[in-house]
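In the working numbering, the protein residues as written are 144 to 463.
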Amino acid sequence: MRCWPVSGGGGPRRRRRPPCGQAVGGAARQGDPRRGAGVPAGDGLHGRADGASGRRGSGGGDPRDPATGVDRYRGAGGDARGRSPIGGRRRPGVPAGRGRGGRAVVARWSPALRVAARDVAVEASGREAATAVVPFVIAAVLLAGLGFGPRPDVLAAVGPGLSWLVVLFAAVPLARGVAAAERAEGCWDLLRAFVSPTSLLAGKVLALWLWLVAAWALSTALTVGLFNAPVTAAAVLAGPLGTLGLAGVTVTFGTALASAEGRSGLLAVLLLPAGLPALLAGTEAGTPDVAPLPWLALLLAYDLVTLAVAWAVFPLLLEE
144 MRCWPVSGGG GPRRRRRPPC GQAVGGAARQ GDPRRGAGVP AGDGLHGRAD GASGRRGSGG
204 GDPRDPATGV DRYRGAGGDA RGRSPIGGRR RPGVPAGRGR GGRAVVARWS PALRVAARDV
264 AVEASGREAA TAVVPFVIAA VLLAGLGFGP RPDVLAAVGP GLSWLVVLFA AVPLARGVAA
324 AERAEGCWDL LRAFVSPTSL LAGKVLALWL WLVAAWALST ALTVGLFNAP VTAAAVLAGP
384 LGTLGLAGVT VTFGTALASA EGRSGLLAVL LLPAGLPALL AGTEAGTPDV APLPWLALLL
444 AYDLVTLAVA WAVFPLLLEE
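Set out below in structure tokens:
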């Protein structure tokens with residue numbers, strides 16, 4: 144017996160507790176002798192076990208769709224709310240099961256992409272790449288054609304090597320602009336404070352790589368059009384491979400000598416020998432009747448070595 148307060152005078156009265164089967168929660172189990180007659184299992188606010196959901200007890204049915212075999216309450220890959228099993232909230236149009244890995248990758252490389260976009264825009268606005276490199280490439284190819292004479296066979300033979308030689312010399316003025324814009328605007332220290340060394344290096348290398356690829360493409364197009372030089376598939380593959388390692392070397396030396404006096408001469412002395420493997424391997428890979436696979440492998444190894452060295456020493460260069 145339990146005391147239940149009842150309105151009115153005379154204090155609390157004793158009222159008999161309702162039978163178990165008629166409880167508000169409807170928590171009586173099936174087969175419980177205390178359940179009242181005529182009260183179905185799970186009847187009440189909380190007793191959905193044998194009723195609509197059909198998940199527990201007998202007589203509720205299988206919650207899976209007989210046609211597809213998919214749980215009609217959970218969906219094809221999520222919980223009862225149709226969310227990803229990882230626990231993240233699913234956006235409209237995003238497949239179920241997609242976690243936060245993609246967003247983490249984008250957030251990690253977003254500073255590098257922004258640095259690269261800024262460098263490309265600054266160079267295109269009138270610095271070394273637009274005012275010095277493009278005219279230098281055109282003038283170098285034209286002067287080489289005049290210097291080698293009017294013999295078509297000689298011009299066609301020197302075409303692949305001439306393209307790489309022009310790109311190597313064009314990297315020297317590009318190295319001067321690695322940190323020139325930030326130092327001129329007085330934001331170099333601010334950039335180092337808010338961007339990690341890895342992101343800063345990746346952005347600088349990506350921007351310079353795009354300019355070197357553009358210089359190689361321009362010089363190759365001029366040699367093909369003026370000298371009738373052959374272009375092979377290996378030469379097209381060697382262009383991006385060789386310029387990637389050359390971009391890593393250029394960014395490293397450009398950052399190291401950013402505040403040095405007489406840096407133009409020092410950059411030429413350091414950069415030209417460091418880019419010699421790209422010059423030799425790129426020339427041989429683009430020459431007809433030469434096996435290109437060993438030279439392409441050399442370019443790939445050159446990229447790995449130069450980028451690894453740049454990644455290792457770049458944080459130390461930023462501290463100077």
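Cβ atoms here follow ideal geometry from the backbone N, Cα and C, with glycine treated the same way. As the structure is a computational prediction, the values presented were derived from the model and not from experiment.
For this session: Just tell me which of Ala345, Glu427, Leu439 has its CA closest to the CA of Arg261.
Result: Ala345
Exercise. Does the region 366-375 touch the region 402-419, meaning 3 or more C-beta pairs lie closer than 8 Å?
Worked result: no
Problem set entry | Element boundaries [alpha helix (DSSP H), containing Leu414] | 406-417
Problem set entry | CB contact flag (Ala350, Val263, <8 Å) | yes
For this session: Thinking Ala390 and Ala428 are a contact (beta carbons under 8 Å), I'd like their distance in whole angstroms, please.
Result: Going by Cβ atoms, the distance from Ala390 to Ala428 rounds to 18 Å, so no, they are not a contact pair.
For this session: Measure how close the beta-carbons of Ala273 and Glu266 come, nearest whole angstrom, since I'm counting them as under 8 Å.
Result: 6 Å
Problem set entry | Phe396, buried or exposed, once every other Cβ within 10 Å from all chains shown has been counted against 16 | buried
For this session: Go ahead and label Phe457 buried or exposed: buried means 16 or more other beta carbons lie within 10 angstroms of its beta carbon, across all protein chains shown.
Result: buried
Problem set entry | Check whether Leu450 and Leu384 have beta carbons under 8 Å apart | no
Exercise. Is it the case that the Cβ atoms of Val310 and Thr386 are separated by a distance below 8 Å?
Worked result: yes
For this session: Within the same chain, show all residues whose beta-carbon is closer than 8 Å to that of Gly315, passing over the 5 residues directly before and after it, in chain order.
Result: A small fix is needed here, since residue 315 is Val in this sequence, not Gly. For Val315, where only same-chain residues beyond five positions count, the Cβ hits under 8 Å are Ser407, Leu410, Ala411, Leu414, Leu415.
For this session: Evaluate Asp446 with the Cβ neighbour count: other Cβ atoms within 10 Å of its Cβ, from every protein chain shown; 16 or more gives buried, anything less gives exposed.
Result: buried
For this session: Would you grab the beta carbon distance between Thr99 and Ala287 for me? Rounded to a whole angstrom, and I think it's under 8 Å.
Result: Because residue 99 is not part of the residues shown, which for the chain are 144 to 463, the question remains open.
For this session: Given a cut-off of 8 Å, decide if Thr426 and Pro278 are closer than it, judged by their beta-carbon atoms.
Result: no
Exercise. What do you reckon, are the CB atoms on Ala401 and Ala453 nearer than 8 Å?
Worked result: no
Problem set entry | Between the CA atoms of Arg246 and Val280 - distance to the nearest angstrom | 41 Å
Problem set entry | Rounded separation between Val338 and Thr398 - CA only | 15 Å
Exercise. Which of helix, strand or coil does DSSP assign to Leu389?
Worked result: helix
Problem set entry | Beta-carbon separation (whole angstroms), Val284 vs Ser362, contact threshold 8 Å | 6 Å
Exercise. What residues in its chain sit with their C-beta under 7 Å from that of Ala195, if we drop five residues either side in the sequence?
Worked result: Confidence at Ala195 is low in this model, with a pLDDT of 42, below 50, so the placement of that residue is unreliable and no value is reported for it.
For this session: Go ahead and label Ala184 buried or exposed: buried means 16 or more other beta carbons lie within 10 angstroms of its beta carbon, across all protein chains shown.
Result: Unreliable positioning characterises Ala184 in this predicted model, as indicated by a pLDDT of 47, which lies under 50. A coordinate reading is not provided.
Problem set entry | CB contact flag (Leu308, Leu422, <8 Å) | yes
For this session: Report the rounded CA-to-CA distance for Ala358 versus Gly382, giving the unit in angstroms.
Result: 10 Å
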